[in-house]
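*Asks:* Sequence positions in the sequence shown follow my numbering and run 658 to 1036.
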Amino acid sequence: MSNPERIPFLDLSETAARQGALLEEAAARVIRSGRYLHGEETRRLEERLARSCAADYAVGVSNGLDALRLIFRGYIELGRLHPGQEVIVPASTYIASILPLIEFGLKPVLVEPDPRTFSLDWANAAKAVTPQTGALLTVHLYGIPSWDASIARELHEKGILIIEDNAQAIGAVQSGPGLKGFSGCGGLGDAAAFSFYPTKNVGALGDAGAVVTYDPELASMVRTLANYGSDRRYHNIVCGYNCRIDELQSAFLNVKLDGMSDDIAMRRAAAETYLSEIRHPDILLPDPPERDGVVWHQFVIRTPDRPGLIRKLDEEGVGTDIHYATPPHLQPCLADLPHAPLPLTEKLADEVLSLPIANVTPEKALEIARRVNHTLLLS
Ligand SMILES: *Cc1c(COP(=O)(O)O)cnc(C)c1O
């Protein structure tokens, strides 16, 4: 075929260009303000995040991992979680979901995924509850809500904290039975961690994150911990960290939040095109339980011969990526972590492949689907 134009998996300069002038203005505004931390941009970002989740509090922090660390350390400081307690967590996730548990002496209990969400199987999670369970961490992986309202309520009534790793699902909405009131990811549980890593759906131009919660005690503890453990100037009540967000990133994020619904609409349109146009016997398309609320952080297909498909797509000029080839429990740093056999997690890790989904216009989505189908002819 005639040398087709290469479609990269992700080009962040394209993402930035969509709001280029506004981002440049935001940077100029911060530079001129003379205020680079704890300023108006951060305050506005926090207010918008809290409001968007129907939560009372949001604390901007340095990154998504720190958001998770601050939540777990915060609950420990408040005496609501204790080192040695178990935390139920999906085995099929990015390692950042697990690291804070290890750091604070909590015991990760790795649970097999629901293949429709690629993340926590809630029925399995309910079976994993023991008297030592202190919390459950759900991960809305790839922008697909992972939530079961009735099991969440049941666990909550047992005093188990429900925490959301919402790094990949800002703007996603859980639908389905048993939900009352607000159902946006990040506002479903006791607390949620957000990441604004540049590749995330709402990406900073650097590192940033946030904690969202309706709990005033946790919000206050997280804010304190993130600023050296000081509750007021030069007065330190706990041994904290420096996990602050800066004004520049907050200003960029305020611009990005303005563009979020357009971005989600574009991702959804591309995903729908893939779902209707890709016809390939070796490709299993994603099939989330409720498609409407998904924000498609990644569009993840499964295929038994992944190396073969990657090679053929590369020949067709389509860039791909893998999220994630090695699950946390097979990482060298977690080799000593006890866990039940996790055959489904390992099978998914061997089969998943992400197609381009960011900055994919309707025409580009059709073209990618056409090239994916065309790989059938290359053998
Ligand atoms: C990106 C990510 C994190 C960590 O966020 P950073 O901002 O990179 O620290 C945590 N959990 C999940 C599921 C993520 O995708």
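Even glycine gets a Cβ: it sits at the ideal position worked out from N, Cα and C. Bear in mind the structure is a predicted one, so any value in this text is a computation, not a measurement.
Would you say the beta carbon of Ala824 comes nearer than 7 angstroms to a heavy atom of ligand 1?
*Replies:* Checking the Cβ of Ala824 against ligand 1 gives yes.
*Asks:* Is Gly976 helix, strand or coil when you go by DSSP?
*Replies:* In the structure shown, Gly976 sits in coil (DSSP, three-state: anything other than H, G, I, E or B).
*Asks:* Give the secondary structure of Asp888 by DSSP, where H, G and I count as helix, E and B as strand, and everything else as coil.
*Replies:* In this structure, Asp888 counts as strand in the three-state DSSP scheme.
*Asks:* Using a 10 Å radius around the Cβ and a threshold of 16 neighbouring Cβ atoms, would you call Arg889 buried or exposed?
*Replies:* The residue in question, Arg889, is exposed, as its Cβ has fewer than 16 Cβ neighbours within 10 Å.
*Asks:* Please state whether DSSP places Leu999 in a helix, a strand or coil.
*Replies:* Coil at Leu999, not helix or strand.
*Asks:* Can you have a look at Tyr732 and say buried or exposed, based on whether 16 or more other CB atoms are within 10 angstroms of its CB?
*Replies:* Tyr732 comes out buried.
*Asks:* Please report the distance separating the alpha-carbon of Thr774 from that of Leu987.
*Replies:* Cα to Cα, the separation comes out at about 21 angstroms.
*Asks:* Roughly how many angstroms lie between the CA atoms of Lys815 and Thr750, to the nearest whole one?
*Replies:* Those two C-alpha atoms are separated by around 25 angstroms.
*Asks:* Can you find a heavy atom of ligand 1 that lies under 7 angstroms from the Cβ of Ala982?
*Replies:* Answer for Ala982: no, Cβ out of range of ligand 1.
*Asks:* Gly791 and Leu738 look like a contact to me (Cβ under 8 angstroms); what is the Cβ gap, rounded to whole Å?
*Replies:* Yes, Gly791 and Leu738 are in contact; Cβ-Cβ is about 5 angstroms, under 8 angstroms.
*Asks:* Which one of Glu874, Asn823, Asp723 has the shortest CA to CA distance from Phe851?
*Replies:* Comparing Cα positions, the closest option is Asn823.
*Asks:* Is the beta carbon of Glu1024 sitting closer than 8 angstroms to the one on Val687?
*Replies:* Going by C-beta atoms, Glu1024 is not nearer than 8 angstroms to Val687.
*Asks:* Can you list, in chain order, the stretches of the beta strand (DSSP E) that have 3 or more residues and sit fully within the stretch 676-736?
*Replies:* Counting whole runs of 3 or more residues, the stretch 676-736 contains the beta strand (DSSP E) stretches 714-718.
*Asks:* Kindly list the residues whose CB is nearer than 8 angstroms to the CB of Val718, restricted to its own chain and excluding five residues on each side of it in sequence; keep chain order.
*Replies:* Correct list, in chain order: Ala724, Leu727, Ala865, Gly866, Ala867, Val868, Val879, Ala883, Cys900, Arg901, Ile902.
*Asks:* Using DSSP with H/G/I as helix, E/B as strand and the rest coil, what is Glu769?
*Replies:* Coil, per DSSP.
*Asks:* Rounding to the nearest angstrom, what Cα-Cα distance links Ala926 and Thr1018 in this structure?
*Replies:* Looking at the two C-alpha atoms, the distance is approximately 8 angstroms.
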